[in-house]
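Encoded as structure tokens, the structure appears first; notes follow it.
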Amino acid sequence: MRSFLDDAARRLRANSGALSAMLVIAAMILLALIGPWLNPNHGETLDWLHVAMRPAAQGAHWFGTDRLGRDLYVRTLEGARVSLAVGLVASAVSLLVGIGYGAVAGYLGGRTDHVMMRIIEILSGLPLVFFVIFLTVIFGRSEYLLFLSIGAVGWLTMARIVRGQTLSIRQREYIEAAVASGASSRRIIVKHVIPNLIGPVVVYATLTVPQIIMFESFLSFLGLGIQEPHASLGTLIAEGAGEMEAAPWMLLIPGGFLALLLLCLNIFGDGLRDALDAKER
Amino acid sequence: MLRYFLTRLAGAVPTLFVIVTIAFFLIRAAPGGPFDQEQTLPPEILANLENAYGLDQPIWIQYARYLRAAAHGDFGPSFKYKDFSVTELIAQGFPVTFELGSLALALALLLGIPIGTFAALHQNGGADYAAMSLAVVGIAIPPFVVLPFLGLVFGIYLHWLPVAGWEPGSWRHLALPVAALMLPPLSVIARLVRASMIEVLKSPFIRTAVAKGLPLRSVIWRHALRPALLPVAGFIAPAVASIMTGSLVVESIAGLPGIGRYMVQGALNRDYTLVMGMVIIYSTILIAMGLLVDILYVWLDPRVRLEQ
Numbered sequence: 093m094r095s096f097l098d099d100a101a102r103r104l105r106a107n108s109g110a111l112s113a114m115l116v117i118a119a120m121i122l123l124a125l126i127g128p129w130l131n132p133n134h135g136e137t138l139d140w141l142h143v144a145m146r147p148a149a150q151g152a153h154w155f156g157t158d159r160l161g162r163d164l165y166v167r168t169l170e171g172a173r174v175s176l177a178v179g180l181v182a183s184a185v186s187l188l189v190g191i192g193y194g195a196v197a198g199y200l201g202g203r204t205d206h207v208m209m210r211i212i213e214i215l216s217g218l219p220l221v222f223f224v225i226f227l228t229v230i231f232g233r234s235e236y237l238l239f240l241s242i243g244a245v246g247w248l249t250m251a252r253i254v255r256g257q258t259l260s261i262r263q264r265e266y267i268e269a270a271v272a273s274g275a276s277s278r279r280i281i282v283k284h285v286i287p288n289l290i291g292p293v294v295v296y297a298t299l300t301v302p303q304i305i306m307f308e309s310f311l312s313f314l315g316l317g318i319q320e321p322h323a324s325l326g327t328l329i330a331e332g333a334g335e336m337e338a339a340p341w342m343l344l345i346p347g348g349f350l351a352l353l354l355l356c357l358n359i360f361g362d363g364l365r366d367a368l369d370a371k372e373r
Numbered sequence: 089m090l091r092y093f094l095t096r097l098a099g100a101v102p103t104l105f106v107i108v109t110i111a112f113f114l115i116r117a118a119p120g121g122p123f124d125q126e127q128t129l130p131p132e133i134l135a136n137l138e139n140a141y142g143l144d145q146p147i148w149i150q151y152a153r154y155l156r157a158a159a160h161g162d163f164g165p166s167f168k169y170k171d172f173s174v175t176e177l178i179a180q181g182f183p184v185t186f187e188l189g190s191l192a193l194a195l196a197l198l199l200g201i202p203i204g205t206f207a208a209l210h211q212n213g214g215a216d217y218a219a220m221s222l223a224v225v226g227i228a229i230p231p232f233v234v235l236p237f238l239g240l241v242f243g244i245y246l247h248w249l250p251v252a253g254w255e256p257g258s259w260r261h262l263a264l265p266v267a268a269l270m271l272p273p274l275s276v277i278a279r280l281v282r283a284s285m286i287e288v289l290k291s292p293f294i295r296t297a298v299a300k301g302l303p304l305r306s307v308i309w310r311h312a313l314r315p316a317l318l319p320v321a322g323f324i325a326p327a328v329a330s331i332m333t334g335s336l337v338v339e340s341i342a343g344l345p346g347i348g349r350y351m352v353q354g355a356l357n358r359d360y361t362l363v364m365g366m367v368i369i370y371s372t373i374l375i376a377m378g379l380l381v382d383i384l385y386v387w388l389d390p391r392v393r394l395e396q
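First to last, the protein sequences are chains E and P.
Start counting at 1 in the first sequence, then tack on 92, and there's your number in the working numbering.
Start counting at 1 in the second sequence, then tack on 88, and there's your number in the working numbering.
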């Protein structure tokens, strides 16, 4: 007899689009990690002999340089590192908050659940982007707090999904058995409820990462995220958009990298969801 | 119906109040103030300025004053744009932002619904795959990447449309920003309609309609479309929020004189009144959208019973 996970894995393997997306993501992460070392240039060194140069082998500027003569190949990959790191860390934050909140609300139920869900309802009615803008203004230039403030707004949907799952898990026999054997609510949530949430949580988390990367780029584009001389893909795109008439590669290279990354993450996330949720087909 | 609407309207007031309160204290918590400059002002002048704007009062008095003025429709003077009140600034820019946003939303609905329906009718066919692949692209790639790309292709290489700038009443200046802004909601709407249309087409009342011998066109128009649009109604409020967020960057890339820039600039300049004015405007729109959606639900699905 095949298990549920075997079935899901088989469906995922049959989905060639999702598989190729996964390979592309792996390649892009690898490139972001080791790529900068393959080039003699540094991301923050100014090469005054080659300012705003189009992609060429000269000076090993494979993707050209920006206005200040900084190498775009290295800067794009280092920016991608930052974007990926923010995406992962902020997703992890929103994941932890969302799982904790949702599992507690769903397991305790009753009035607690009602109040907790009401809070989520109110929060998701707010224009959250404003509050992130405020938070970034308050926290100023700290990149770690940027991670936190992005993650802090990303957990609402996760909490809803987790609560819904928890409501159904609560009815299972093993929970009843745990209650009967005298386990505390806290222990049941941590030991029995959360481990059984993994499926939907993984799916939603893979779809959260691109959203958060997109959001970080958006903030950096507005000048509220990563600050000079550091770069993320968002700041590079903002710079490139200002120069696109004279130097289109300054837009196309970071923009293309971000677009491809987000596209593959979305395709992979969709494929994973379809594989785990047979009803969707 | 009217009674329900009025109770919801009354419920919106405390929501707005909570938003305004959080925003007021958050922006005040940010380090720095509206009169920070390269050169520090002499203390006497700073004191005079703070006195003139009421910033020397305790914060809760400022808060009470602001609430009272805002309730009367007076958003106060801008701190950075001297000689302008926040109301004037918003009144100047809002028509542009509104035109941009409402066009993007309208086109997203007008294109997304037929595309989704078409894809559902050709489920797992070539057209379906093509439409859904495009939808993934539309969802994945944000407007601030799409718009410069469009500008590069249609503005700089093909010379069809202006890359940036604004002339009142000129559709050519709006074409690219609207296109970039509508793409994400359009893609989501097409996906939602496809999924719900596939479900609806399986239901018994559709089978009955087909069995009666109705042509497919009228089955879709008269029977399937309305229930299939339910998830779209639920998506309208998030769509408006995403268009608002997108317009912050789209306006700045395309050089449109809307109000999008005031949000970020206002926050960076600590232009307290301007930021608060923006928060109030945007929240009011979002809350109004929520109300509209509730009414749409009742129209789309008569089974929905309004509580209270």
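Virtual Cβ for every residue (Gly too), placed ideally from N, Cα, C.
All of these numbers come straight from a predicted model, not from anything done at the bench.
| Item | Value |
| --- | --- |
| How about P:A207 and P:A278: do their beta carbons lie closer than 8 angstroms? | yes |
| So what's P:P390 in DSSP terms, helix, strand or just coil? | coil |
| Could you give the C-beta distance for E:L314 and E:P346, rounded to a whole number, given that I count them as a contact under 8 angstroms? | That pair is no contact at about 16 angstroms. |
| Give the straight-line distance between the Cα atoms of E:V293 and E:F349, rounded to the nearest whole angstrom. | 27 angstroms |
| With distances taken Cα to Cα, identify the nearest neighbour of P:L104 among P:V328, P:L380, P:I369. | P:I369 |
| In whole angstroms, what is the alpha-carbon distance linking E:D163 and P:L336? | 29 angstroms |
| Buried or exposed: where does P:F93 fall if 16 or more other Cβ atoms within 10 Å of its Cβ makes it buried? | exposed |
| Can you tell me where the alpha helix (DSSP H) holding E:L350 begins and where it ends? | 341-368 |
| Just to check my reading of the structure: P:R96 and P:D382 have Cβ atoms closer than 8 angstroms, yes? What is that Cβ distance to the nearest angstrom? | 6 angstroms |
| For E:L343, which residues from the same chain have a beta carbon less than 6 angstroms from its beta carbon, with the 5 sequence-adjacent residues on both sides left out? | G332, A333, M336 |
| In angstroms, rounded to a whole number, what distance separates the CA positions of E:G171 and E:S112? | 23 angstroms |
| Please determine, among E:G156, E:T300, E:G198, the residue with the shortest C-alpha to C-alpha distance to E:Q257. | E:G198 |
| Counting only beta-carbon atoms, is E:N288 nearer than 8 angstroms to chain P? | no |
| Since P:W148 is in the alpha helix (DSSP H), which residue starts that stretch and which ends it? | 147-159 |
| Tell me the residue span of the alpha helix (DSSP H) that contains P:H473. | For residue 473 of chain P there is no data in the structure shown, the boundaries of chain P being 89 and 396. |
| Distance, Cα to Cα, P:A267 vs P:L235? | 8 angstroms |
| According to DSSP, P:D359 sits in a beta bridge with which residue or residues? | DSSP output for P:D359 lists no bridge partner at all. |
| E:E337 versus chain P: which residues are under 7 angstroms apart at the beta carbon? | I244 |
| Rounded to whole angstroms, what's the CA-CA distance from E:N358 to P:I229? Just pull it up for me. | 10 angstroms |
| For P:P119, name the three-state secondary structure that DSSP assigns. | coil |
| Sort out for me which residues DSSP pairs P:P165 with in a bridge. | P:S173 |
| From the DSSP output, read off the bridge partner residues of E:T157. | E:D163 |
| Quick one: does E:A182 have its CB under 8 angstroms from some CB of chain P? | no |
| Using a C-beta cutoff of 8 angstroms, does P:M351 count as contacting chain E? | yes |
| Go ahead and label P:A215 buried or exposed: buried means 16 or more other beta carbons lie within 10 angstroms of its beta carbon, across all protein chains shown. | exposed |
| Ignoring anything shorter than 4 residues or poking outside the segment 272-300 of chain E, list the alpha helix (DSSP H) runs there in chain order. | 277-280 |
| Whose C-beta lies closer than 8 angstroms to the C-beta of E:R262 among residues of the same chain, with five residues either side of it excluded? | G198, Y199, G201, V285 |
| Label E:R264 either buried or exposed according to how many other C-beta atoms from any shown protein chain fall within 10 Å of its C-beta, with 16 as the threshold for buried. | exposed |
| What is the DSSP secondary structure of E:M208, reduced to helix, strand or coil? | helix |
| Please tell me whether E:G243 and E:S309 are closer than 8 angstroms, where the distance is taken between their beta carbons. | no |
| Is there a Cβ of chain P sitting closer than 8 angstroms to that of E:V229, yes or no? | yes |
| Over what stretch of residues does the alpha helix (DSSP H) that includes E:P128 continue unbroken? | Premise fails: E:P128 is in no alpha helix (DSSP H) and is neither H nor E. |
| Would the beta-carbon of E:V174 fall within 8 angstroms of that of E:N131? | no |
| What is the rounded straight-line gap between the Cα of P:I244 and the Cα of P:V251? | 7 angstroms |
| Which term fits E:Q158, buried or exposed, when burial requires 16 or more other beta carbons within 10 angstroms of its beta carbon? | Just to set this straight, residue 158 of chain E is Asp in the shown sequence, not Gln. Its Cβ being crowded by 16 or more others within 10 Å, E:D158 is buried. |
| Could you tell me whether the Cβ atoms of P:G343 and P:P272 are closer together than 8 angstroms? | no |
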